Amino acid sequence: MRLPIIKLEIKKTRTAMKLNIHPQVLYRIPRFPLNATLADSWEELKAAIALSSPEFYGLIKDTAKDDLDRLPPATLFSIWKYFNRAKYRPTPFASFAGVGLCEVKPGNQPSNLLISDEQILHTYVDWPHKEDVKISAAIIAEQNLKLFANSSYYVIKDVIRYISFIDGQFQLSEIGYYETVIAILQTCAQPVSFTQLIQSLNEKGHPLDDPIEFLDQLIELQLLITELHPNIIGQDYFQRIKHPVARYNDACILAERKLVSGALNENLFKDLQKLIPILQQLIPVPENISLQQFASKFSQRFGTEEIPLLQALDPETGIGYDDLAQAGEGEELVTKFAGKRAKANKSKNERSYDQLKKALLAQVTQQIPGTIPILRLEQIQQETPEITEALPLPNTFSLLCSIVDDLICIDSIGNVTANSMLGRFTHTGAAVTQTCRNLAELEQAANPDVLFFDIAYIAEKKIDNVSRRNKIYPLQLSILNYDTSATPLTLDDLTISVLGSNLYLWSKQYNKRLIPRLSSAYNHTRSDLALFRLLCDLQSQGVQAGLTAAGLQNLLPDGAYYPRMQYRNLILAPAKWKVNAKDIGTNTIGAYLQQIGASRYFKAGLADQTLCFDLRSEADMYAFSQYLKKHKNIYIEEAFIPENSLIRDAKDQPYYAQLLMSLTHSEAIYKSGSHPLPESPDPKVQQITPPGQDWLYWEIYCHPQRSDELLANQISQFLQQYRNHIHKWFFIRYSENGEHIRFRVQMKHIKDGYYLISALTGLLQDDIQSGTISELLLKTYKRETERYGWATMTEIENHFNTDSAYILSLITNQLSPNGKYALVINLALAVKEAELFDEKEFLYIVNKFSNSFNAEHHIETSDFKELNNAYKQYKVHSPVELTSEQHHHYQTFKKSFIYNLGQIKTIKRRSLFGSLIHMHVNRLFSSNQRVHEMMIYYFLLKELHRAKATATAVVME
1 MRLPIIKLEI
11 KKTRTAMKLN
21 IHPQVLYRIP
31 RFPLNATLAD
41 SWEELKAAIA
51 LSSPEFYGLI
61 KDTAKDDLDR
71 LPPATLFSIW
81 KYFNRAKYRP
91 TPFASFAGVG
101 LCEVKPGNQP
111 SNLLISDEQI
121 LHTYVDWPHK
131 EDVKISAAII
141 AEQNLKLFAN
151 SSYYVIKDVI
161 RYISFIDGQF
171 QLSEIGYYET
181 VIAILQTCAQ
191 PVSFTQLIQS
201 LNEKGHPLDD
211 PIEFLDQLIE
221 LQLLITELHP
231 NIIGQDYFQR
241 IKHPVARYND
251 ACILAERKLV
261 SGALNENLFK
271 DLQKLIPILQ
281 QLIPVPENIS
291 LQQFASKFSQ
301 RFGTEEIPLL
311 QALDPETGIG
321 YDDLAQAGEG
331 EELVTKFAGK
341 RAKANKSKNE
351 RSYDQLKKAL
361 LAQVTQQIPG
371 TIPILRLEQI
381 QQETPEITEA
391 LPLPNTFSLL
401 CSIVDDLICI
411 DSIGNVTANS
421 MLGRFTHTGA
431 AVTQTCRNLA
441 ELEQAANPDV
451 LFFDIAYIAE
461 KKIDNVSRRN
471 KIYPLQLSIL
481 NYDTSATPLT
491 LDDLTISVLG
501 SNLYLWSKQY
511 NKRLIPRLSS
521 AYNHTRSDLA
531 LFRLLCDLQS
541 QGVQAGLTAA
551 GLQNLLPDGA
561 YYPRMQYRNL
571 ILAPAKWKVN
581 AKDIGTNTIG
591 AYLQQIGASR
601 YFKAGLADQT
611 LCFDLRSEAD
621 MYAFSQYLKK
631 HKNIYIEEAF
641 IPENSLIRDA
651 KDQPYYAQLL
661 MSLTHSEAIY
671 KSGSHPLPES
681 PDPKVQQITP
691 PGQDWLYWEI
701 YCHPQRSDEL
711 LANQISQFLQ
721 QYRNHIHKWF
731 FIRYSENGEH
741 IRFRVQMKHI
751 KDGYYLISAL
761 TGLLQDDIQS
771 GTISELLLKT
781 YKRETERYGW
791 ATMTEIENHF
801 NTDSAYILSL
811 ITNQLSPNGK
821 YALVINLALA
831 VKEAELFDEK
841 EFLYIVNKFS
851 NSFNAEHHIE
861 TSDFKELNNA
871 YKQYKVHSPV
881 ELTSEQHHHY
891 QTFKKSFIYN
901 LGQIKTIKRR
911 SLFGSLIHMH
921 VNRLFSSNQR
931 VHEMMIYYFL
941 LKELHRAKAT
951 ATAVVME
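full-length UniProt numbering applies: residue 1 is where the sequence shown begins, and numbers increase by one.
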């Protein structure tokens, strides 16, 4: 039976969103109560140390509580740290802290939780012991166990390439192509038993002379994963394979403290309804530069085509997952937008931080000695600018907080899914597992056009313990580990494409867009596997996943102190003080801390590795002096210790507690997008043409300002002088790996290849010697059939020829940017007049492209003012006057543009329009083509709206 949902009304910038508190809350508490003493807790503390640190336990196991003062200072300090951790730090670790589930309810009952005195330990074999499991084909055959293909395999020419994990690192491996190996991998696309595999191979005509030896090789190569290999999701691996556990002294432990009675009152959280939209305005949305650059490179290479994910990530056949930078140009406004586009981690909300910085400066200058400085958000929120395009919040996200009397201290808020933090606790019982599944079902129900899947990933022995979890999502993708789900998702089923500025992951099997989820607190940036990093990065695409306010030190680095940040009863960041050991001088530690205004209770450390100190405790001050000897220059922050604890045990002992809450909403945030259908290869079209065949392809590296001169002189001369040897040609400008011209020529006769190579080299010789051409490369021509289609590739190349000839005729005119804009806009309007799109659809296409480019370049309100002024200047610029020859080239180009669009099915015509415009702008401008393209679409959109308004006015008259 599901619990009732408690609703909070949250207002977004534009529309109201119903944000809910999920009724199930996970509480986290340390092992010992706040009033515990070391002497009284000594035997229990030793037992906890024995489980987590056997080596240190060996040093203190025979020590009685009365003998603690006789221990060496270093040993005593270690004991103090263990006890401090077991009393003040609720982060789960072995038996030092436990978790449990409670409910949040409406009503007037006070919040009180009574927990069991007993700590239940859920003990599992420590993950590194997976290396102890013996795996061989002989065992698989003897027990008729299942085999599962490493689905990262794909075929390139005469090799099978796949992802493997060797010596602690992921790498691309490959073996020679064997039909029998492919047959085995295809049969094991879903886990199949040994006998089923052998039977299937016999039926397919691939019998194995020695199946044990052959399969052993595939297992050793990591092309086959067996039922004895570990699974990170589902029934615990060691329990599943019935591995003996008594042989191990160490263990992975999750401690549980069950709820006896009580619940949380929803009124505690009433101020969240106003805080969330404020945080959406204040907290910058970090931009994932790797993801943006991948999408950009993908678009350049594949357009809007749908490509197998593994092919796209392959550094040879695809684009990898690396950074790509673009160079800048000369015009003032274009340079500005180019800089905005390239700037890493630029946020649309950055101006909100300006207001916060002003308030922080005022607070620092107005500190009252002896008081805790507080920066109150309710006093500055009116000055904070609104976001015009706020990203949606994830359908479920986490709130980690502690209740301290009348205050709620927020440790973190956000994440792409609430299951990221909850997932690791599913092994504590069915209740937590069901809570996670309910959250997953909520995400799926809110977004019926997509499918969510969990990522099963292992790589780091001990750290992988935090990723062990029960099955949460119906679908999961297991990367190099066994999959226990009914229908595993496999890597060879996944494709990827770019629509607008977003990446779309697709499943061929389900014919739906996929959204990745990692139901684990594992930090995916630790991984060296590009595939895993991309999938994890895709989780946060298009949503505001982080709302934690932790940036005061970034605003004013190296401050002597930082005020508490608070909104009503919600504390978003504690006050902090800088402590430098050399500044203490002759003072005692306590006197020095009082002098700088530190709170009675304070913490030191990073993230969840903190220690709590009491200024009035001699033992704590001695421990802090020991801590300072090692760390010397640190920041401490106020710690919040409740006078009336929310959680108590049967002995009425108070505990410091953290609450892991889930906030949810049911609005759809993911759309399926249009799913391009893959096109079958055309055997008449050769996709790859190396030098020595009918195409020659040069890359000419030079400064952008030099490229027009080269095109107008040497390349034009080459084309004119050797036109009888050339069937067709075209050029493209690129900035990837350096600014250059890509010049392609199809010869009438292959035998002329060396002759033409020598001729062009001769024409460019002086520039090469002078260094104005930094590099001249002869390369393999790879047709972009994925982008333009197999059937129409030849026609597209003819169009590129026509386009290039038109541009070459214009270069000597040295047109202004506005003149060039006008030529492209007139072309687009001619396409509109050709009625290949109806008026509404054409407006939609232009608007979509314009918005995409605006987002790419981080266009803000002030930027639109500058764009509008630029549009006014564009409207009064002098018309471009074409010569008869240029006009002829334009008419031929326009006719080709419209013809090629007309040959394409309506569903792909939009993307081809965008691609052809993109390539035309690429040829027309020498640099910063994407900035110019953004301005062209913006001006074109203004023209369309202007024409529509004029037509409406005429009708009304």
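The beta carbon of each residue, even a glycine, is placed where N, CA and C say it ideally should be.
What you are looking at is a predicted structure, and each value in this text was computed from that prediction instead of being measured.
Look up residue i in the DSSP assignment and say whether it is helix, strand or coil.
| i | result |
| --- | --- |
| residue 454 | strand |
| residue 414 | strand |
| residue 590 | helix |
| residue 936 | helix |
| residue 804 | helix |
| residue 664 | strand |
| residue 600 | coil |
| residue 922 | helix |
| residue 783 | coil |
| residue 375 | strand |
| residue 815 | coil |
| residue 291 | helix |
| residue 641 | coil |
| residue 408 | strand |
| residue 75 | helix |
| residue 43 | helix |
| residue 185 | helix |
| residue 790 | coil |
| residue 346 | Because residue 346 sits at a pLDDT of 40, beneath the cut-off of 50, its placement in the model cannot be relied upon, and the point is left open. |
| residue 305 | coil |
Across which residues does DSSP place residue i in a beta bridge pair?
| i | result |
| --- | --- |
| residue 253 | 123 |
| residue 658 | 28 |
| residue 548 | Answer is none; residue 548 lacks a bridge partner. |
| residue 649 | 115 |
| residue 155 | 160 |
| residue 583 | Beta-bridge pairing links residue 583 to no other residue. |
| residue 193 | 146 |
By a C-beta neighbour count over all protein chains shown, 10 Å radius and 16 as the cutoff for buried, is residue i buried or exposed?
| i | result |
| --- | --- |
| residue 425 | buried |
| residue 885 | exposed |
| residue 810 | buried |
| residue 163 | buried |
| residue 760 | buried |
| residue 800 | buried |
| residue 700 | buried |
| residue 307 | buried |
| residue 487 | exposed |
| residue 231 | buried |
| residue 902 | exposed |
| residue 408 | buried |
| residue 178 | exposed |
| residue 586 | exposed |
| residue 881 | exposed |
| residue 670 | buried |
| residue 844 | exposed |
| residue 949 | exposed |
For residue i and residue j, which I take to be in contact (beta-carbon distance under 8 Å), what is that distance rounded to the nearest angstrom?
| i | j | result |
| --- | --- | --- |
| residue 742 | residue 734 | 6 Å |
| residue 893 | residue 806 | 4 Å |
| residue 638 | residue 592 | Not confirmed; about 16 Å, so no contact. |
| residue 413 | residue 547 | 4 Å |
| residue 469 | residue 166 | In fact, because the Cβ distance is near 26 Å, the residues do not count as touching under 8 Å. |
| residue 937 | residue 837 | Residue 937 to residue 837, Cβ: 15 Å. No contact. |
| residue 115 | residue 260 | 6 Å |
Any chance the CB of residue i is under 7 Å from a heavy atom of the ligand FAD?
| i | result |
| --- | --- |
| residue 137 | Annotation note on the ligand FAD: not contained in the displayed structure, which lists no ligands. |
Please specify which runs of the beta strand (DSSP E), each continuous and at least 3 residues long, are wholly inside the stretch 416-475, giving them in chain order.
Listed in chain order, the beta strand (DSSP E) elements of length 3 or more contained wholly in the stretch 416-475 are 450-457.
Start-end ranges of the beta strand (DSSP E) lying completely within the stretch 688-742, minimum 3 residues:
695-702, 726-734
If we require 4 or more residues per run, which alpha helix (DSSP H) segments fall completely within the stretch 831-913?
839-856, 861-875, 884-902
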